[in-house]
Amino acid sequence: VQLQASGGGLVQAGGSLRLSCAASKSIFSINVMGWYRQAPGKQRELVARIRSDNSTNYAGSVKGRFTISRDNAKNTVYLQMNSLKADDTAVYYCAADEEIRGYLSRSWGQGTLVTVSS
-7 VQLQASGGGL
3 VQAGGSLRLS
13 CAASKSIFSI
23 NVMGWYRQAP
33 GKQRELVARI
43 RSDNSTNYAG
53 SVKGRFTISR
63 DNAKNTVYLQ
73 MNSLKADDTA
83 VYYCAADEEI
93 RGYLSRSWGQ
103 GTLVTVSS
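Per the working numbering, the very first residue in the sequence shown carries number -7; after that it's consecutive.
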């Protein structure tokens, strides 16, 4: 599956952004879709993920501020980010984990930059 992330930009601390991840095919049967981020000089980390049954997981640092959701009809996953902090500045990547011939395969989108000014 090919993924196209969008929605990043420059926002002041306390503000909000919504990221979108559009998939090239139906996401209905994709096991897990997630958002990851990588800040300068740091490793890529999980931000949030949503399974095919709509169960979700969040990193502790974003819990209560970010919400991940999926729209199967639009083949799109969203990340609503509220109360943004300077520490949220990073390139955000979406990923899809799908089972192909018995193996779990991960696809990445190209990343979208989120910059939060303090």
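Positions of the beta carbon are idealized from the N, C-alpha and C atoms, including for glycine.
Here's a check: name, in chain order, each residue in its chain whose Cβ is nearer than 8 Å to the Cβ of residue i, leaving out the five neighbours to either side.
i	result
Val54	Val39, Ala40, Met73 and Asp80
Ser75	Gly6, Ser8 and Arg57
Taking the beta strand (DSSP E) that residue i falls in, what are its first and last residues?
i	result
Phe58	Phe58 to Asp63
Arg98	Tyr95 to Trp100
Ser109	Thr104 to Ser109
Val39	Glu37 to Arg43
Ile92	Ala82 to Ile92
Mark residue i as exposed unless 16 or more other C-beta atoms lie within 10 angstroms of its C-beta, in which case mark it buried.
i	result
Leu96	exposed
Ala88	buried
Identify every residue that forms a DSSP beta bridge with residue i.
i	result
Arg10	Gln72
Ser(-2)	Ser12
Closer than 6 Å by C-beta to residue i: which residues in its own chain qualify, once you throw out the five before and the five after it? Chain order, please.
i	result
Gly0	Thr104, Leu105 and Val106
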